[in-house]
Structures are given as C-alpha cells and as structure tokens.
Amino acid sequence: MPVRPSPAVRRAATGDESPVARTRRARRTYRALLDRYPYAHCELDFETPLQLLVATVLSAQTTDVMVNTVTPTLFSRWPTAEALAAADRAELEAVLRPTGFFRAKTNSVITLAQAVVERYGGEVPGRLEDLVTLPGVGRKTANVVLGNAFGVPGITVDTHFGRLVRRWGWTQETDPVKVEADVAAIIPKSDWTMLSHVVIFHGRRTCFARKPACGACPVTRWCPAYGEGETDPEKAAKLLKFELAPGAVLPDPPPGPLPDDA
C-alpha cells in the first residue's frame, strides 16, 4: 500500500515549507525513484554527440520511439555534420516525414549542421555556452547532449520534468530556466543527469498529467499531490505504461513496472 504524505508534506505544495525540509524531501524522492528505475537512461538511440543532438531536435512534438525509427536511415545516409549540411532537402524530408512537421525539422537539421560545420569544424561542442549558440538549441537540448554524450551533469527540463517537480512542490516556477535553477539548488550536481532520467521515466510511466497512478507510486510519502490520481493499488497498477518500439522485445529488467505486475 502507498504511504500517505504527512500534513507537512501536503502543505509543501503551497510553499509552506522550509528550504531545508524541501531539500531533504526532494533528495528522498530522488533516491526512491532511483531504486524504482536504476536502469533509467536517455531513450533516444545515438552513438555520437552529433547523432544525439540531431535526434533531440527531431524529438519535438513526437515520441523518442518514433525518432528512433528514422535515425538509423538518417545517419546511414548522412553520417556527418558536413553530409547533413549538404543534404538534398527533398530526400531529407522524405526520411523525416514520420516524425511530423518534417519540413520545419528538415530546415532545422540542415541549418544546425551548417552551423556545426562553420563554427566548430563539424564537431559538436561540449560546452553549454557553445551549444546554446547553435540554431534551435536551447538549454534543454544542450543539457541532454552534455549529460548523455559528454558526461557533463545537466538537468533536462522537458514537459514531464517540469510538470513533476511542480507537482512535488520543488518549485513554483514555470519558466524552464528558473525550474532548472531551483532544482539545481537542492540536488547535488553529480546527480543532475540521472535525476533527469528517473523523473522523465516516472512521468512517462506512472505520474501522468491527467490521472497519475498514485496507488502504484514509490514516492507518495513525499508527494504533496498524492490523491490527485488513482490511489487504489490494483487499479493504479493497470494504469502503468511505457514506450516500446514496434517489434522490439522487453529488456531485462523491463523499463518500469508493467500493468500485469503484482
């Protein structure tokens, strides 16, 4: 059975919590999520910083699973920044069509690749201040690349991350840069990248926007929003989900509890 949060935790959502208490609660939440998703990782397939940079740009308005279906063809046909910068627009549009908004994404990829070639000799830079100067690259994309391709700690404030840390009362901010700053102040830097992974995993699999599976959640005792979703453990377990590419097999262990798990 999930553990209900204390009255003090419930008040945390209104900001009625000391900074020390918030920090302790946030770190306990992180540790519980790490226990739940020790295998959490970037769900975009990549082999090089360039591949991850491009895949992250393509992930806008679509799923990582969908991006992963087109990137093998994309990077086989255009394996370098130089090749992408000189890509035939019609050919690239045909490859990117399944991701949606393919004309805009084609333009973004070509423009991005041209900038990488012209400014950095075809190599993706490994510093935040350089990455964010590239067209179409904000702090979220830059932190994804830094944390996963370069091993530089970074907090990825995507839709799931921002939604969950506000739901947990870690921040009241809606601006991603301010959210990042608030979370960075309470979680050690060495944990930033893995924190991003486990929070995003949790947002995709358990803590949904409309009906979170509260009864199947490992962090209820530290969550001021407990009760917004289904609290019955059996009913909540049936809500759990995950993304799996067509034809793919489940890894061992699987990416989060499955609906049929006890």
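Converting from the sequence shown to our numbering requires adding 147 to each position, the first position being numbered 1. No residue lacks a Cβ here, since even glycine has one placed at the ideal position from N, Cα and C.
Using three-state DSSP, classify Thr303 as helix, strand or coil.
coil
Residue range of the unbroken alpha helix (DSSP H) whose run includes Ile347
Trp339 to Arg352
What three-state label does DSSP hand Val366 in the structure shown?
coil
I want to know whether the stretch 316-325 touches the stretch 353-361 - three or more CB-CB distances under 8 Å.
no
Of the residues Gly374, His188, Ala228 and Arg183, the one placed nearest Gln198, counting alpha carbons only
If you compare the alpha carbons of Gly374, His188, Ala228 and Arg183 with that of Gln198, the shortest gap goes to Ala228.
Going along the chain, which unbroken runs of the alpha helix (DSSP H) with 4 or more residues stay wholly within the stretch 282-329?
286-292 and 306-314
Please tell me whether Pro282 and Thr246 are closer than 8 Å, where the distance is taken between their beta carbons.
Taking 8 Å as the Cβ cut-off, Pro282 and Thr246 do not qualify as a contacting pair.
Residue range of the alpha helix (DSSP H) that includes Gln198
Pro196 to Leu205
Using CA atoms only, rank isn't needed, just tell me which of Thr220, Pro152, Ala260 and Ala232 is closest to Ala241.
Thr220
With distances taken between CB atoms, is the gap from Glu377 to Leu387 smaller than 8 Å?
no
For Ser206, count the other beta carbons within 10 Å of its own beta carbon; 16 or more makes it buried, fewer makes it exposed. Which is it?
buried
By Cβ distance, which residues of its chain are closer than 6 Å to Trp339, with the 5 residues on each side in sequence left out?
Shown here for Trp339: same chain residues with a beta carbon closer than 6 Å to its own, the five before and five after excluded, namely Pro300, Gly301 and Ile302 in chain order.
May I ask you to verify whether the stretch 335-354 touches the stretch 187-204, counting CB pairs closer than 8 Å and requiring at least 3?
The answer is yes - the stretch 187-204 touches the stretch 335-354, with three or more Cβ pairs under 8 Å.
Put Val167 into one of helix, strand or coil per three-state DSSP.
helix
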